[in-house]
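Take a look at the structure below.
Numbering (the UniProt record's numbering), first residue to last: 1 to 306.
Spelled out as structure tokens, the structure:
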């Protein structure tokens with residue numbers, strides 16, 4: 001587990017923030033942020049006030065990254081790019097979360113390194129990370145200004161014969177089942193969302209099409225929901241397509257790979273973040289995944305290409 005509990009001792013009554021800065025070598029802003037997140041406890045009581053005092057024994061929950069040797073595919077002075085596999089989360093969802101990409105980011109580039117955009121756990125492909133706070137600010141601004149072009153590959157149901165320009169607002173479902181309420185749908189009450197779909201190759205024997213998806217906005221599950229909306233759901237999507245019971249089973253992690261293959265035709269979501277293109281400090285970058293996505297699709301579907 002990347003989160004561990006450190007036992008600390010303050011021999012005298014003193015303010016919590018300078019105590020943590022001295023004991024753990026934190027910056028002032030880091031200390032403030034971690035105290036506000038409830039990482040410091042004394043006598044079983046969570047301390048969230050940086051101006052509070054500690055005395056005697058206390059405990060501090062900190063993130064200590066572990067590595068499995070997963071290296072970035074591209075490294076620059078200010079940023080790096082990982083080509084992550086499907087199933088690997090970028091960030092831990094809780095203090096009990098197992099290994100995530102964040103472990104490698106922090107282990108290899110230090111505490112100030114961070115992912116600069118979101119990518120679903122189910123989606124494979126490129127993740128752009130900043131190596132320090134200054135580049136994080138610049139890269140996140142580029143994303144917010146839509147100055148970074150992202151292109152995805154997806155294997156979808158049916159034949160896509162021509163380019164599809166999808167402009168449909170997306171809205172998080174209000175559902176009594178809290179798990180299902182994580183799902184997004186096309187709805188006039190939602191936020192504007194725009195995706196362009198281009199067909200690349202049709203596989204008639206399986207009635208599936210490899211498409212390129214270009215999201216011009218960055219809504220949650222945007223490509224997945226838009227493709228489902230135009231009746232070309234992504235193969236292996238465990239949320240947009242299956243019935244409510246199966247969706248709940250997936251979210252609760254109750255489906256085996258065999259279950260997913262039976263229900264959705266693939267052991268994983270067949271969506272891949274394929275390329276990133278942007279200009280950083282007057283230098284143009286076009287970074288393309290080296291993965292053979294078609295081969296990965298067939299393997300996940302249990303199909304031999306021979």
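Note that the Cβ used here is the ideal one computed from N, Cα and C, for glycine as well.
inquiry  = What would DSSP say about residue 277, mapped onto helix, strand or coil?
reply    = strand
inquiry  = Quick check on residue 49: buried or exposed, where buried means 16 or more other Cβ atoms within 10 Å of its Cβ?
reply    = exposed
request  = Starting from residue 11, trace the beta strand (DSSP E) both ways and give me its first and last residue.
outcome  = 3-15
Segments assigned beta strand (DSSP E), at least 3 residues, entirely inside the stretch 43-71 = 45-47, 53-63
query = How would you write the range of the beta strand (DSSP E) that residue 283 sits in, first residue to last?
reply = Element bounds for residue 283: 283-288.
ask   = Can you tell me whether residue 1 is buried or exposed, with buried defined as 16 or more other CB within 10 angstroms of its CB?
value = Summary for residue 1: the model assigns pLDDT 48, below 50, so the residue's position carries little reliability, and this model does not support an answer.
inquiry  = Tell me the DSSP secondary structure of residue 28 in three-state form.
reply    = DSSP places residue 28 in helix when its eight states are reduced to three.
request  = Give every residue of the same chain whose Cβ lies closer than 6 Å to the Cβ of residue 31, excluding the five residues on either side of it in the sequence, and list them in chain order.
outcome  = Excluding positions up to five away in sequence, the list reads 17, 20, 21.
ask   = So what's residue 207 in DSSP terms, helix, strand or just coil?
value = The answer is coil: DSSP assigns residue 207 none of H, G, I, E or B.
ask   = So does residue 242 have its beta carbon nearer than 6 Å to some heavy atom of the ligand GTP?
value = With respect to the ligand GTP, the structure shown offers nothing to examine, as it has no ligands at all.
request  = State the beta-bridge partners of residue 155 as determined by DSSP.
outcome  = 210
key: Length of the line joining the Cα atoms of residue 154 and residue 111   = Looking at the two C-alpha atoms, the distance is approximately 33 Å.
inquiry  = Does residue 149 pass the burial test, meaning 16 or more other C-beta atoms within 10 Å, or should it be called exposed?
reply    = exposed
query = Looking at residue 7 and residue 59, is the spacing between their C-beta atoms short of 7 Å?
reply = yes
query = Roughly how far, in whole angstroms, is the beta-carbon of residue 216 from the beta-carbon of residue 232, given that I think they are within contact range, below 8 Å?
reply = Rounded to the nearest angstrom, the Cβ distance from residue 216 to residue 232 is 18 Å, too far for a contact under 8 Å.
task = Per DSSP, which residues does residue 195 bridge with? Please list them.
result = Looking at the DSSP output, residue 195 bridges to 166, 215.
task = Using alpha carbons as the reference points, say which of 245, 156, 274, 199 lies closest to residue 225.
result = 156
key: Reduced DSSP secondary structure (H/G/I, E/B, other) of residue 248   = helix
request  = Compare the beta carbon distance of residue 293 and residue 272 with 7 Å and say whether it is the shorter of the two.
outcome  = Going by C-beta atoms, residue 293 is nearer than 7 Å to residue 272.
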